[in-house]
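Trainee: For reference, the structure I am asking about is given below.
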Amino acid sequence: MMINKNNYEAYLLDYLEGTISPQDREALLLFFELHPELKSELETDISLNLNSQEQLSFSFKDQLLKHEADVYDLPVSDFLTIKKQEEGLSKAEETELLLTEPDQQKREKKSAEYHQTILKADNSIVYTDKSKLRRFILLPAFNQYNVRRSIAAAAVIALLASVWLFTEAPDNSSPQLANTNQEKYSGQQHKPEQQTVVAQSKILEKSLPNEKQPSKDSLLQLAKDPMELKSETIIEQKQKEKVHYLATIGHAEPFGNDEINAYEHGLNVMMPQYMDNNLLRQELASIYRQIEVEDNTPSLSLALVESGVKVMNFLSKESVKMQKYYDDNGDVVAYKVKGENLEVNRKLK
Amino acid sequence: MTVDEFNQAVNLYSDGVYRFVLKNIKDEDKAKDIIQDTYEKLWKKHTEVNFQKVKSYLFSAAYHTLIDLTRREKKQARWDDVDFKNHSHSDGYSDLNEVLHRAVERLPETQRMVVMMRDYEGYSYKEIGEICGLNEAQVKVYIFRARKFLKEYIGKIEVLV
Chain A
1 MMINKNNYEA
11 YLLDYLEGTI
21 SPQDREALLL
31 FFELHPELKS
41 ELETDISLNL
51 NSQEQLSFSF
61 KDQLLKHEAD
71 VYDLPVSDFL
81 TIKKQEEGLS
91 KAEETELLLT
101 EPDQQKREKK
111 SAEYHQTILK
121 ADNSIVYTDK
131 SKLRRFILLP
141 AFNQYNVRRS
151 IAAAAVIALL
161 ASVWLFTEAP
171 DNSSPQLANT
181 NQEKYSGQQH
191 KPEQQTVVAQ
201 SKILEKSLPN
211 EKQPSKDSLL
221 QLAKDPMELK
231 SETIIEQKQK
241 EKVHYLATIG
251 HAEPFGNDEI
261 NAYEHGLNVM
271 MPQYMDNNLL
281 RQELASIYRQ
291 IEVEDNTPSL
301 SLALVESGVK
311 VMNFLSKESV
321 KMQKYYDDNG
331 DVVAYKVKGE
341 NLEVNRKLK
Chain B
1001 MTVDEFNQAV
1011 NLYSDGVYRF
1021 VLKNIKDEDK
1031 AKDIIQDTYE
1041 KLWKKHTEVN
1051 FQKVKSYLFS
1061 AAYHTLIDLT
1071 RREKKQARWD
1081 DVDFKNHSHS
1091 DGYSDLNEVL
1101 HRAVERLPET
1111 QRMVVMMRDY
1121 EGYSYKEIGE
1131 ICGLNEAQVK
1141 VYIFRARKFL
1151 KEYIGKIEVL
1161 V
């Protein structure tokens, strides 16, 4: 093969490495004789080799290695100084600190600076409300359940005691004695218990045997003319014996004043009777009046039934039928109500 | 834990917990409320809590209450936001401790609490980790970074003064 400018580099490399054949060597030298401008390439230094793999990997690893200080984003000297303050250093770390910061003054200064960052507790600050936090133990005998039961029992006893105390008043079921004028005018000296007269309660007054019960006619008359009652009461009162009944309920102590005012006496005796009789009679009169009125008008119950049927029909679309029965006078005497499952026949009279 | 031990915990640790809380929130009433709440929580679980662990329990409860509170109020300042010129001589720092506590206030909340527990109570990394729910390495990182921050803060203040 002819050596030319396009391929001489391949022969040159073999020449420099010493692997060229003698024939090629002569041809290459001849080529350089013909081209002296390239002859300097014969002295090219090919001793530049790539580094070994061990050397490459070593330097690469070195760059990747991390120091513990990197975890804290701190310079190594700072890290070691803080660590020395916080937890102390091992011998290796001490040596590393010396290497990192050979200047002793700088090391001491840095150490002092970090020492300043230690907080000191202010012992003058105390929590003053400790008593609010403390808890106490209740003895089992005084636990809440027992305490509540005891309180409840005490309350019941107190209630019963108060009831007993208030019911210790004298017996009022029997008539009491009250002061009267008669004894005084008789001029006799009486014992204290004889200085009083019998006072009747309202109940006894109502149950007198001579008292007449009002008849229906009288009540109807009274309903028509209520004023009649007053005049009747006055007449009856005049006819009564002069018995000094006092309508007191409690214990009747002898009056301080021996004389009983006639007005007071009359008022005490008559007023409760008047009120009872008047109210009772008026009440009965109103009932009879209602009955009388009802006899002349359609029954209230019929009216109620009629309105009930209307409501039912309104709600259930005419499902209930009502039929009325009349007598010769045209009055309603009976009615029949018929629903889906129910039939009612009712006589009014 | 018995009632006696509970009361003992009141006597022994309430001051420390109160100091810790007060230094964090700078509000006596709120600090007292937190102490009340903390001991109330302890009382509810006093039968389950071991007396040996009661200090950690108290600090942990107070810590979490504080975290909730400070996050709500967003009071903390960041280092980058600190205007040194306004915080230097005009405030008239009388001593290093005052400067230091002002610097502590500017720490991120977790760093601040971790450093306080370390310095005030002398807790180990592990104990602080148990209280704050962090691992030991995290606690260490917080403390180291806080130290660096405090040192730089103090240094800058001294330069300004």
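Protein chains in written order, with the working numbering: chain A, 1 to 349; chain B, 1001 to 1161. We treat Cβ as the ideally placed atom computed from N, Cα and C, and that holds for glycine.
Quick check on D129/A - is its C-beta less than 9 Å from some C-beta in chain B?
Mentor: Residue mapping note: residue 129/A aligns to position 129 of the first sequence, counting from 1. Yes, D129/A counts as interfacial toward chain B.
Trainee: List the residues of chain A whose Cβ lies closer than 7 Å to the Cβ of F1006/B, in chain order.
Mentor: As a position in the second sequence, residue 1006/B is number 6, starting the count at 1. Near F1006/B (Cβ distances below 7 Å), the residues of chain A are R135.
Trainee: Identify the contact partners of R1145/B in chain A, using a Cβ-Cβ distance below 8 Å as the criterion.
Mentor: Residue numbering aside, residue 1145/B sits at position 145 when the second sequence is read from its first letter. Here the neighbours are Y72, D73, L74.
Trainee: Note down, in chain order, every chain A residue with its Cβ under 7 Å from the Cβ of K1156/B.
Mentor: Your numbering for residue 1156/B matches position 156 in the second sequence. Chain A residues near K1156/B: none, gap ~12 Å exceeds 7 Å.
Trainee: Any Cβ of chain A within less than 9 Å of the Cβ of N1024/B?
Mentor: For the purposes of this step, residue 1024/B is identified with residue 24 of the second sequence, where counting begins at 1. N1024/B does not count as touching chain A.
Trainee: Counting only beta-carbon atoms, is R1019/B nearer than 9 Å to chain A?
Mentor: Here the question's residue 1019/B lines up with position 19 in the second sequence. It does: the Cβ of R1019/B has a partner Cβ on chain A nearer than 9 Å.
Trainee: Find the residues of chain E that neighbour D78/A, judging by a C-beta separation of less than 7 Å, and give them in chain order.
Mentor: In summary, chain E is missing from the structure at hand, where the protein chains are A and B.
Trainee: Evaluate A1162/B with the Cβ neighbour count: other Cβ atoms within 10 Å of its Cβ, from every protein chain shown; 16 or more gives buried, anything less gives exposed.
Mentor: The first residue shown for chain B is 1001 and the last is 1161, placing residue 1162/B beyond what the model contains.
Trainee: Along the chain, where does the alpha helix (DSSP H) containing N1011/B start, and where does it finish?
Mentor: Within the second sequence, the letter at position 11 stands for residue 1011/B. Start and end: 1003-1025.
Trainee: What is the residue span of the beta strand (DSSP E) that V1049/B lies within?
Mentor: In the second sequence, residue 1049/B corresponds to position 49, counting from 1. No beta strand (DSSP E) contains V1049/B, which DSSP labels as neither H nor E.
Trainee: Helix or strand or just coil, what does DSSP make of K120/A?
Mentor: In the first sequence, counting from the first residue as 1, residue 120/A sits at position 120. DSSP places K120/A in coil when its eight states are reduced to three.
Trainee: Roughly how many whole angstroms lie between the Cα atoms of G1129/B and V156/A?
Mentor: Working through the second sequence from its first residue, we reach residue 1129/B at position 129. Working through the first sequence from its first residue, we reach residue 156/A at position 156. Answer to the nearest angstrom: the Cα atoms are 59 Å apart.
Trainee: At the level of alpha carbons, what is the spacing between S307/A and S286/A?
Mentor: As a working note, residue 307/A is residue 307 in the first sequence. As a working note, residue 286/A is residue 286 in the first sequence. When rounded, the distance between both Cα atoms is 26 Å.
Trainee: List, in chain order, every chain B residue whose beta-carbon is nearer than 8 Å to that of K120/A.
Mentor: For the purposes of this step, residue 120/A is taken as the residue at position 120 of the first sequence. In chain order: N1097, D1119.
Trainee: Rounded to the nearest angstrom, what separates K110/A and E1121/B at their Cα positions?
Mentor: Reading the first sequence from its first residue, position 110 is the one you call residue 110/A. Reading the second sequence from its first residue, position 121 is the one you call residue 1121/B. Rounded to whole angstroms, K110/A to E1121/B spans 25 Å at the Cα level.
Trainee: Using only alpha-carbon positions, find the residue among V1010/B, V1021/B, M1001/B, N1011/B that is nearest to D122/A.
Mentor: Locating residue 122/A in the first sequence gives position 122, where the first residue counts as 1. That would be V1021/B, whose Cα lies nearest to the Cα of D122/A.
Trainee: Drop a sphere of 10 angstroms on the beta-carbon of I137/A, count the other beta-carbons inside from all chains shown, and report buried for 16 or more, exposed for fewer.
Mentor: The residue given as residue 137/A occupies position 137 in the first sequence. Exposed, since its Cβ has fewer than 16 Cβ neighbours within 10 Å.
Trainee: For M1116/B, I'd like the list of residues in its chain whose CB is within less than 8 Å of its CB, leaving aside the five on either flank, ordered along the chain.
Mentor: In the second sequence, residue 1116/B corresponds to position 116, counting from 1. Cβ within range, chain order: F1020, K1023, N1024, V1104.
Trainee: When you compare the CB of K132/A with every CB in chain B, is at least one pair closer than 9 Å?
Mentor: Indexing the first sequence from 1 puts residue 132/A at position 132. Yes, K132/A counts as interfacial toward chain B.
Trainee: For E205/A, collect the residues of the same chain with a Cβ closer than 6 Å to its Cβ; drop the 5 residues on either side in sequence, then sort them by chain order.
Mentor: The count along the first sequence starts at 1 and reaches residue 205/A at position 205. In this prediction, E205/A has a pLDDT of 44, which is less than 50 and means its spatial position is unreliable; what the coordinates show is noted afterwards. Q273, listed in sequence order.
Trainee: Return helix, strand or coil for K338/A, following the three-state DSSP convention.
Mentor: The residue given as residue 338/A occupies position 338 in the first sequence. K338/A falls in the strand class under three-state DSSP.
Trainee: Assign M2/A to one of three DSSP states: helix, strand, or coil.
Mentor: Here residue 2/A corresponds to residue number 2 of the first sequence, with the count starting at 1. The answer is coil: DSSP assigns M2/A none of H, G, I, E or B.
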